[in-house]
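Counting with mature numbering (1 follows the signal peptide of the UniProt record, and there is no 0), you get residues -38 to -1, 1 to 294 for the letters of the sequence shown.
All C-beta atoms in this analysis are idealised placements derived from N, C-alpha and C, irrespective of residue type, glycine included.
This structure is a prediction, so every number in the text was calculated from the model and none was measured.
Everything on this sheet refers to the single structure shown next.
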Amino acid sequence: MRIGRTGFGTNLKRRLLGLSAAALVLPLTAGIAGTAVAGAAPIAHRAPSGGFEEVMVPSSMGPIKVQIQWAARGGNAALYLLDGLRARDDRNAWTFETNALDQYRNDNVTLVMPVGGQSSFYSDWMAPSNFNGQKSTYKWETFLTKELPDYLETRGVSRNNNGVLGLSMGGSAALTLAAYHRDQFKFAGSLSGYLNISAPGMREAIRVAMLDAGRFNVDSMWGPPWSKAWLRNDPFVFAPQLKGLSLYVSSASGLPGEYDHPRAPIDYYNTANGMGLEALALVNTRSFQVRMATLGIPATYSFPSNGTHSWPYWSAELFKARNQILDALNAH
């Protein structure tokens, strides 16, 4: 019996010592585990409430910078803002050429502004451009409709409650993305977009413009002018697929307006260039309006009597579209 009691007492002491050690170790391990979880990839949750952030999002083209202003109250809606033909690699022009961030700072919608994509039309290209030594093939449609939403979902942004709006190149691209990805977008907006690219001379004009903006070869994008890819990306052609979307479509006359104040020779050149580009956008947009009317598809149209192809006018149009966007995304 003594031996048994001695063995029992020894075992009890060992157990108590073991429990004491465990009690000391558990807080330490809990702290380590908490740090690991915090440092891991974000788990789907409510979006941050307000604030501005720049993130690098993985893609088949390599990491893509995306500038984000989070919804003021952590809502799940997002508005993608697309750049123009001369999109820069450091910043999306909506962040510095306009007051878009201020316009939507108190609204419950996240502004998503991808950086880069010069002359891309935010499309999936067939091959790298062979005129300028492009290393990888543009895959912007895949990025904007799969890879970027995958990331944003981990930050609390819905895959199904989004709008997309762009200017010029980004205008036709916004309608294209919304037409073919109806599960993602509830709103689409085009400001001074080229919405009838099958019209006479348009494909040639796009070819020249892309050569001027980065020496990009349009044949690497959608193939030769008779390729079906051109028709797939022409809003005038795929217009029936826009039925049921909330749409905002705008183009000014091309006549100088309140934001045009040329002084130096370069200013006069830029103003003249902006007049021509906007006049061409107006012809395209009016043709698109007629096409939509024949299909019985409603849209909100804005045709200011004055305005050139320049950022101050697009900033003003974004503000005009604001209530419609917030209504479509239930993001007031």
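The beta carbon of N122 lies closer than 7 Å to those of D145 and Q146 in the same chain, with the five residues before and after it left out.
As the crow flies, the alpha-carbon of Y84 is around 22 Å from that of A283. Counting other Cβ atoms within 10 Å of its Cβ, Y230 stays below 16 and is therefore classed as exposed.
Secondary-structure assignment with DSSP links Y210 through a beta bridge to G151 and T262. With respect to the 8 Å criterion, L244 and S213 are classified as neighbours on the basis of their beta carbons. Note: T72 is bridge-paired with A40 in the DSSP secondary-structure output. Under the three-pair Cβ rule at 8 Å, the segment 263 to 275 counts as touching the segment 201 to 219.
N38 places its beta carbon 8 Å or farther from that of D45.
Scanning its chain for C-beta atoms nearer than 6 Å, with the 5 sequence neighbours on each side dropped, one finds around V19 the residues I26, V28, L110 and Y113, in chain order.
Assigned with DSSP and collapsed to three states, Q65 falls in helix. If you draw a straight line from the Cα of I30 to the Cα of H143, it comes to about 21 Å.
Residue environment analysis places I228 among the exposed positions, since fewer than 16 neighbouring C-beta atoms fall within 10 angstroms of its C-beta. Look at the segment 84 to 124 and you find these whole runs of alpha helix (DSSP H), each 4 residues long or longer: 110 to 115. Check the Cα spacing between N268 and each of V252, P224 and E220: the tightest is with E220. Distance from S160 to F198 at the Cβ level is roughly 6 Å; contact confirmed, criterion being Cβ atoms closer than 8 Å. Residue pairing by DSSP places K27 opposite M18 in a beta bridge.
Secondary structure of L157 (DSSP, three-state): coil. Ranked by Cα distance from F14, the options T72, S120, D52 and Y156 are led by T72. Note on geometry: alpha-carbon atoms of P224 and T233 lie some 7 Å from one another. Beta-bridge analysis with DSSP links G128 to L44 and S152.
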